[in-house]
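Numbering (UniProt numbering), first residue to last: 1 to 111. Note that CB positions come from ideal geometry on N, CA and C, so glycine has one too. Treat the numbers as computed from the prediction; the structure is a model and nothing was measured.
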Amino acid sequence: MKARDAHQVWAVGAPDIQACACIQPLTDGNGHWLTSLFVDPTVRNQGLAGRLLSQMRLAVSGSIWLFCRPELADLYHHHGYQITGNLPESLASKLQRYRREKDLIALVNLG
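Laid out in C-alpha cells, this is it:
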C-alpha cells in the first residue's frame, strides 16, 4: 500500500500491522475516497476490516467513496455502503480508467 501526503492512514494491530487503510479528501470537496484497504490473509474474517471502516466513518465527515471487486460488496454493504453510478467527476474518470484492466464497482457511504 502506498500512502501519499494527502492520505490519512489507519492501522490495526501492534506491534505488527494486521490491517490498514488509506483515505484521502477529494479535491472538489465531495467527501473522501477510500483508496485502499488491506487485511493480512492470516487474520481475515476476524472483523478487522469492519473495525477500520467503522473508525473511519466516525472520524471523517461527508461521503466516503470506494472502488472494489464485486465479490467484496457484501463487506461494504454491511458497513453502510451502497453501489452507486453517481460519482464525483474526479472519481468517475478514475473508475473508467481502472475498469480497462479490472472488474470494479463503485460504492458510497453518505454518512
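Enclosing alpha helix (DSSP H) for residue i [first to last residue]
i      : result
Ala-19 : No alpha helix (DSSP H) contains Ala-19, which is instead part of the beta strand (DSSP E) from 19-25.
Asp-59 : Looking at the sequence provided, one finds Ala at residue 59 rather than Asp. Residues 48-59.
Leu-75 : 73-77
Assigned secondary structure, residue i (DSSP; H/G/I helix, E/B strand, else coil)
i       : result
Ser-93  : helix
Leu-107 : strand
Ala-11  : strand
Leu-87  : coil
Start and end residues, beta strand (DSSP E) containing residue i
i      : result
His-32 : 32-39
Exposed unless 16 or more other CB atoms sit within 10 angstroms - verdict on residue i
i       : result
Gly-85  : exposed
Tyr-98  : exposed
Thr-42  : exposed
Leu-110 : exposed
Original post:
Below 8 Å, can you find three or more Cβ-Cβ pairs linking the region 39-56 to the region 5-21?
Top reply: yes
**OP:** Tell me, please, whether the region 12-25 touches the region 77-92 by the rule of three or more beta-carbon pairs shorter than 8 Å.
**Re:** no
Original post:
With contact counted as at least three CB pairs below 8 Å, one residue from each stretch, are the region 45-52 and the region 62-71 in contact?
Top reply: no
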